[in-house]
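Heads up, the thing below is written out as structure tokens.
2 protein chains.
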Amino acid sequence: MKKKATPKRARTKQKRLSPDDRRKEFVAKATEFFSEEGFGGGTRDLARRLGVTQPLLYRYFPSKDDLIKEVYRTVYLEPFDTGWEKLLADRSKPIRDRLYEFYNAYTNVIFNRKWLRIYLYSGLKGLDINRWYVGVVRDKILTRIVRECRHEAGMPLQTKPTAAELEMAWVFHSGIFYYGVRKYIYESPVLESKEQMISDALDAFLAGFERVFGATVAISRAPVKVVG
Amino acid sequence: MKKKATPKRARTKQKRLSPDDRRKEFVAKATEFFSEEGFGGGTRDLARRLGVTQPLLYRYFPSKDDLIKEVYRTVYLEPFDTGWEKLLADRSKPIRDRLYEFYNAYTNVIFNRKWLRIYLYSGLKGLDINRWYVGVVRDKILTRIVRECRHEAGMPLQTKPTAAELEMAWVFHSGIFYYGVRKYIYESPVLESKEQMISDALDAFLAGFERVFGATVAISRAPVKVVG
DNA sequence: ACCGTTGTTTATCGACCGATCACTTATTAA
DNA sequence: TTAATAAGTGATCGGTCGATAAACAACGGT
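This is how it looks when you write it as structure tokens:
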């Protein structure tokens, strides 16, 4: 008892995409699908959402696993902006402004159902790509943040942050990160203003870093800037 | 081609447990199993780990889902210690000592592969029990912490914390929580001393709370608007 | 020693999954 | 127009899943 209401006519209306574009379209929709259903979601359901039949998937991807791998690749690699590193290192701006700007931009990218769910799924699976990403966050973001904090506090420059310093940056970073998880995964009520959350977390981090590691040096606090 | 090496002899050795104990044993092992495999893990694999055959599970549990529900129940309810609330409210001790003691005790309970994985899985599934738990953390722990911080800072007592105060407590709490995730789920290197991590996070939180919400700085605080 | 009760296994069912193949339809080039 | 090629579908396979039924084994009361 299948519905057959002029399927051919309907399909011929839409232009045929180039193989590469079609493939990308599949990956994009698959990302959305798996982020909601988990990677246990079936290929038939996925195909139905794509408006095609299930075997067609296997013309574009050798296996479901290969499709999933490509989903990971796009989710993890696509949004990462190398300009962020430069932003964090730009000492012409106050450190607080840099961190505030960075975390607003960063969370604008990762705070959505799709990204967070894919991230958490891959983390639970213990996939290499997740470990790689954690390493990137540590090396490209947190290490840089600690370095800037040390500089700000007039502490001697060290190429590598101490484990305790890095840990403090992790706790700070994770606190912000989990705001997104609470909002988009747990769908729990959160403070409406993400900007204020970041601002307050930043105040606590800078004050804490100074208190724990900086001893005597004071960090003059910049006013909260509400941007974009 | 099944292996049949004297299975009966091996089994008769062990004493038969009472039905209730056997059931509990199953739940305990199932918890371990699902925490590693995810809830997509098969009942046959689970049974193999229990050293029994798969249909036997259905004598103790009506369905796989019922078994899973009981796994959730034990994981979520078992470890929660109501004494923690009293500890947090005990104003004969300095607030920092209370928080330090609480978070050491709390993380001793939840920082293990089993608990964290079950928690994250249930969170991704959007299960009610997860939302319930998040609500408990908010109402029993964070609300109390904020109240104590307000008291400590000599601020007027309010029955309910503001959204911004609660959010700051959440960010602090989540930062500590994610230390466990990084260590036991991502298996990423972390600061060896959990105590130091808690201590430093605590310093940052208390300093930040005072700076952001304390009377003297509240005046100079930039107007971040909390909109609906 | 017997029997009923309970615990456990073997065998199997229907549903669903990922994947493959033969076939049909649409597009492009000559 | 037609032949070649690519895109897409229907049917189906082997495997695994959760769950059930019936047979079997172990224990306890009498």
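So the sequence lines, in the order shown, correspond to chains A and B.
Numbered per the working numbering, the first sequence finishes at 229, counting up by one with no gaps.
Numbered per the working numbering, the second sequence finishes at 229, counting up by one with no gaps.
The beta-carbon is built from N, C-alpha and C at its ideal position, and this holds for glycine as well.
field: Chain-ordered neighbours of residue 142 of chain A on chain B, where CB pairs are closer than 9 Å
entry: Those within 9 Å of residue 142 of chain A in chain B number zero; the least Cβ separation is about 14 Å.
Check: residue 197 of chain B C-beta below 7 Å from any heavy atom of the ligand ADP: Looking for the ligand ADP in the displayed structure turns up nothing, as the structure carries no ligands at all.
message: Short of 7 Å in beta carbon distance, which residues of its chain neighbour residue 34 of chain A, apart from the five on each side in sequence? Order them along the chain.
response: 42, 47 and 50
query: Can you list, in chain order, the residues of the segment 65-76 of chain B whose Cβ is nearer than 8 Å to any Cβ on chain A?
result: none
query: Where are the alpha helix (DSSP H) runs, 4 residues long or more, that stay fully inside the segment 28-94 of chain A, in chain order?
result: 44-51, 58-61, 65-78 and 84-90
- request: Would you kindly work out how many angstroms separate the C-alpha atoms of residue 123 of chain B and residue 168 of chain A, rounded to a whole number?
  value: 27 Å
message: Closest to residue 61 of chain A by C-alpha separation, out of A:207, A:21 and A:144, would be which residue?
response: A:21
message: Quick test of the definition: if touching needs 3 or more C-beta pairs under 8 Å, does the segment 146-158 of chain A touch the segment 65-84 of chain A?
response: no
query: Excluding sequence positions up to five away, which residues of its chain have a Cβ less than 7 Å from the Cβ of residue 40 of chain B?
result: 69 and 122
field: Buried versus exposed, by CB contacts within 10 Å (16 or more), residue 201 of chain A
entry: buried
query: Just checking, does the segment 176-193 of chain B make contact with the segment 183-194 of chain A on the three C-beta pairs under 8 Å criterion?
result: no
The segment 107-121 of chain A touching the segment 70-82 of chain A, judged by at least three CB pairs closer than 8 Å: yes
task: Say whether chain A places a C-beta atom closer than 8 Å to the C-beta of residue 121 of chain B.
output: yes
query: In whole angstroms, what separates the C-alpha of residue 198 of chain A from that of residue 165 of chain B?
result: Using only the alpha carbons, I get a separation of about 7 Å.
- request: Enumerate in chain order the residues of its own chain whose CB-to-CB distance from residue 10 of chain A is below 8 Å, with the five nearest sequence positions on each side excluded.
  value: At residue 10 of chain A, the pLDDT of 34 sits below 50, so the modelled position is not reliable and the matter cannot be decided from this model.
- request: Spell out whether any CB of chain A is found under 8 Å from the CB atom of residue 42 of chain B.
  value: Not a single C-beta of chain A is nearer than 8 Å to the C-beta of residue 42 of chain B.
Separation of residue 140 of chain A from residue 125 of chain B, as counted between CA atoms: 28 Å
query: Looking at the C-beta of residue 156 of chain B, does it have a partner C-beta in chain A at a distance below 8 Å?
result: no
task: Sort B:196, B:209 and B:36 by Cα distance to residue 107 of chain B and report the nearest one.
output: B:196
query: Any Cβ of chain B within less than 8 Å of the Cβ of residue 36 of chain A?
result: no
task: Locate the alpha helix (DSSP H) running through residue 130 of chain B, then write down its first and last residues.
output: 129-137
query: By Cβ distance below 7 Å, which residues in the same chain neighbour residue 206 of chain A in space, the five residues on each side in sequence not counted?
result: 173
- prompt: Hey, is residue 186 of chain B's beta-carbon within less than 8 Å of any beta-carbon in chain A?
  reply: yes
message: Let me confirm a value: residue 56 of chain B is counted as buried when at least 16 other C-beta atoms fall within 10 Å, else exposed. Which label applies?
response: exposed
query: Nearest chain B C-beta to residue 231 of chain A closer than 8 Å, yes or no?
result: Only positions 2 to 229 of chain A appear in this structure, which leaves residue 231 of chain A out of reach.
- prompt: Name the chain A residues whose beta carbon is nearer than 8 Å to that of residue 125 of chain B?
  reply: Within chain A, the residues near residue 125 of chain B are 39, 118, 121, 122, 125 and 186.
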